[in-house]
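One line per chain: the protein sequences are A and B, in this order. Start counting the first sequence at 216; every next residue gets the next number (this note's numbering). Start counting the second sequence at 216; every next residue gets the next number (this note's numbering). Glycine included, every Cβ here is placed at the ideal spot set by N, Cα and C. In this text, all values refer to a predicted model and were calculated from it rather than measured experimentally.
Protein chains: 2
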Amino acid sequence: MGRAPQKRTLETRAKLVAAAQAIVSESSYIELRTEEVVQRAGVAKGTFFAHFKDKDALMDQLIGARINDCLDQIEARPAPGTIDELIKELMPLVNLMRCERYVFDVILRLSGAAAIEEIGPIAQTFERQIIVMAGWLAQGPFRTDISPQLMAEGVQAFYIQAMALNFCAINQVVPVEERLGEYLQAWLMPAAQ
Amino acid sequence: MGRAPQKRTLETRAKLVAAAQAIVSESSYIELRTEEVVQRAGVAKGTFFAHFKDKDALMDQLIGARINDCLDQIEARPAPGTIDELIKELMPLVNLMRCERYVFDVILRLSGAAAIEEIGPIAQTFERQIIVMAGWLAQGPFRTDISPQLMAEGVQAFYIQAMALNFCAINQVVPVEERLGEYLQAWLMPAAQ
DNA sequence: CGAAATAATTGACCGCGGTCAATAACAAAT
DNA sequence: ATTTGTTATTGACCGCGGTCAATTATTTCG
């Protein structure tokens with residue numbers, strides 16, 4: 216057990232995060248430079264890396280927090296009763312995840328952790344997404360031959376696929392909602408054979 | 216229309232690719248440094264970037280070629296008649312894509328192109344994967360309420376999901392084949408409701 | 001052939017993420 | 001208040017991807 220963190224430490228960290236958020240809101244995630252973060256925060260470069268393992272760890276923090284905010288909103292609403300409603304509820308999350316190509320790539324990269332103790336904010340939100348959706352799907356008028364957990368994992372796989380395809384030039388004619396609708400109809404309410 | 220490429224150009228490019236392949240086979244994709252590539256190829260650093268837009272473009276080339284080799288093998292075999300057979304046929308591709316975390320990330324990053332003219336080798340293999348699988352699924356004893364194309368897109372989404380989960384520390388207890396089996400059973404042969 | 005035009009190569013240079021030994025700030029013990 | 005141990009900060013430095021003006025090799029054409 217280490218000692219409790221110094222007040223100074225918490226202040227420095229807060230300054231770094233605030234500087235980073237300011238940069239993101241003024242430009243974008245991909246434009247963020249650690250050198251600009253430390254400059255705005257008024258600290259040395261080394262200090263950044265004393266607080267964050269690497270640049271990805273900062274992104275994990277920033278983006279993970281936004282996803283969690285989004286999930287808070289989503290969780291506060293009633294379970295969707297149709298696939299269209301389900302998609303409508305998911306769109307804030309989907310739009311957040313695809314706001315920048317770089318953000319999408321970071322999210323995919325950090326959505327799982329190689330070591331258990333390395334599970335960061337984004338990886339945690341991925342588990343939370345499953346939990347929230349499994350809760351919904353257990354109530355809805357969907358297939359009952361598989362578990363809500365499995366249904367939820369599938370939904371996650373499909374919205375990632377829909378986003379990935381939508382970043383692609385050829386496929387942008389079909390909006391994400393529409394593609395996702397097609398997937399989820401087939402996944403959650405398969406017609407009897 | 217540009218002129219035909221000089222013989223020298225092709226030789227240089229071949230030297231670069233050969234050097235890169237040697238490095239990969241001796242260490243790994245993530246260990247590859249452009250500086251070592253040019254050193255082994257006996258050319259200057261700038262030459263590398265005259266031949267490849269960036270390091271990702273080289274990776275696209277190298278990894279794309281391997282995926283295509285894999286698809287050639289796969290395509291030469293008869294269509295699988297069961298889900299277990301389907302998975303067995305897919306495993307070489309799956310294992311290739313997850314041979315390194317870095318490789319998996321590169322593949323996801325390059326699997327779609329923002330501009331039509333930027334569609335590289337890996338992005339092409341993603342389209343090819345769909346075509347090959349759609350061919351299989353049209354013949355097999357699978358659901359008939361959705362198109363083979365849609366089924367194939369779902370299979371792709373699921374093996375990516377299975378790989379992503381398997382890179383994650385918590386989920387490595389369940390082997391990819393098993394997780395994929397669960398997904399594909401539910402996707403391709405849903406029980407009547 | 002030689003001159004002009006084009007294409008390919010070079011390597012010094014830059015930007016930026018990340019490291020680390022030295023130093024300063026803080027807390028605990030005497 | 002001073003010493004001792006611990007934690008936080010510093011900034012010069014490194015590695016490596018990527019750029020670009022200058023140079024050299026090739027092709028085209030009179």
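Cutoff 8 Å: residue i Cβ touching any chain B Cβ
i, result
"A/Phe263", "no"
"A/Glu304", "no"
"A/Glu368", "yes"
"A/Ala219", "no"
"A/Asp269", "no"
"A/Ile361", "yes"
"A/Ala372", "yes"
"A/Leu180", "What the structure shows of chain A is the stretch from 216 to 408, and residue 180 of chain A is not part of that stretch, so it cannot be assessed."
"A/Arg255", "no"
CB of residue i within 8 Å of CB of residue j, strictly
i, j, result
"B/Leu286", "B/Val232", "no"
"B/Ile455", "B/Gln371", "In this structure chain B extends from 216 to 408, so residue 455 of chain B is not present and cannot be described."
"A/Ala377", "A/Arg394", "yes"
"A/Ala235", "A/Leu247", "yes"
"B/Ala328", "B/Ile322", "no"
"B/Glu392", "B/Ile302", "yes"
"B/Ile282", "B/Leu311", "yes"
"A/Lys230", "A/Ala256", "yes"
"B/Ile298", "B/Gln400", "yes"
"A/Ile238", "A/Glu251", "yes"
"A/Asp360", "B/Pro405", "yes"
"A/Thr227", "A/Val258", "yes"
Residue range of the alpha helix (DSSP H) that includes residue i
i, result
"B/Asp271", "Lys270 to Glu290"
"B/Arg228", "Lys222 to Glu241"
"B/Arg394", "Val391 to Leu403"
"A/Phe382", "Pro363 to Phe382"
"B/Val252", "Thr249 to Ala256"
"B/Phe263", "Lys260 to His266"
"A/Arg343", "Pro336 to Gln354"
"B/Tyr244", "Segment: none, B/Tyr244 is in no alpha helix (DSSP H) and carries neither H nor E."
"B/Pro295", "Where B/Pro295 is concerned, there is no enclosing alpha helix (DSSP H), given that its DSSP letter is neither H nor E."
"A/Asp320", "Arg316 to Leu325"
Chain A within 8 Å of residue i, Cβ atoms only
i, result
"B/Asp351", "Per the sequence presented here, residue 351 of chain B reads as Trp, with Asp not at that position. So, not an interface residue."
"B/Ile313", "Checking the sequence, you will find Arg at residue 313 of chain B rather than Ile. No - not a single Cβ of chain A is within 8 Å of the one on B/Arg313."
"B/Ala401", "yes"
"B/Glu397", "yes"
"B/Ala272", "no"
"B/Pro390", "no"
"B/Met216", "Caution applies to B/Met216, whose pLDDT of 48 falls short of 50 and renders its modelled position unreliable; the value that the coordinates give is listed next. So, not an interface residue."
"B/Pro405", "yes"
"B/Arg343", "no"
"B/Glu393", "no"
"B/Arg358", "yes"
Given residue i as reference, the closest of the options once Cα atoms are compared
i, options, result
"B/Arg292", "B/Gln276, B/Gly396 and B/Trp351", "B/Trp351"
"B/Ala367", "B/Leu403, B/Tyr244, B/Arg255 and B/Asp271", "B/Leu403"
"B/Ile409", "B/Cys314, B/Ala401, B/Ala384 and B/Gly396", "Outside the shown range of chain B, which is 216 to 408, sits residue 409 of chain B, and nothing can be said about it."
"A/Tyr398", "B/Val239, B/Ser242 and B/Pro363", "B/Pro363"
"B/Gly188", "B/Arg316, B/Glu304 and B/Leu325", "Lying outside 216 to 408, the shown extent of chain B, residue 188 of chain B is not represented and no answer is given."
"B/Leu308", "B/Ile375, B/Leu365 and B/Phe382", "B/Ile375"
"A/Ala330", "B/Ile298, B/Leu277, B/Asn381 and B/Asp320", "B/Asn381"
"A/Gly369", "B/Gly396, B/Asp360, B/Glu304 and B/Lys270", "B/Gly396"
"A/Asp275", "A/Val388, A/Ala353 and A/Phe319", "A/Phe319"
query = For the segment 311 to 335 of chain B, which residues have a beta carbon sitting closer than 8 Å to at least one beta carbon of chain A?
reply = Listed in sequence order: Arg316, Asp320, Leu323, Arg324, Ser326, Gly327, Ala328, Ala329, Ala330, Ile331, Glu333 and Ile334.
key: Contact list for the segment 376 to 387 of chain A against chain B, Cβ threshold 9 Å   = Those residues of the segment 376 to 387 of chain A that come within reach of chain B (Cβ to Cβ, closer than 9 Å) are Gln376, Ala377, Ala379, Leu380, Asn381, Phe382, Cys383, Ala384, Ile385 and Asn386.
query = the segment 278 to 298 of chain B: which residues have C-beta closer than 9 Å to a C-beta of chain A, in chain order?
reply = Under the 9 Å Cβ criterion, the segment 278 to 298 of chain B contributes no residue.
ask   = Of the residues that make up the segment 220 to 234 of chain B, which ones have a beta carbon closer than 7 Å to any beta carbon in chain A?
value = Hits within the stretch: zero.
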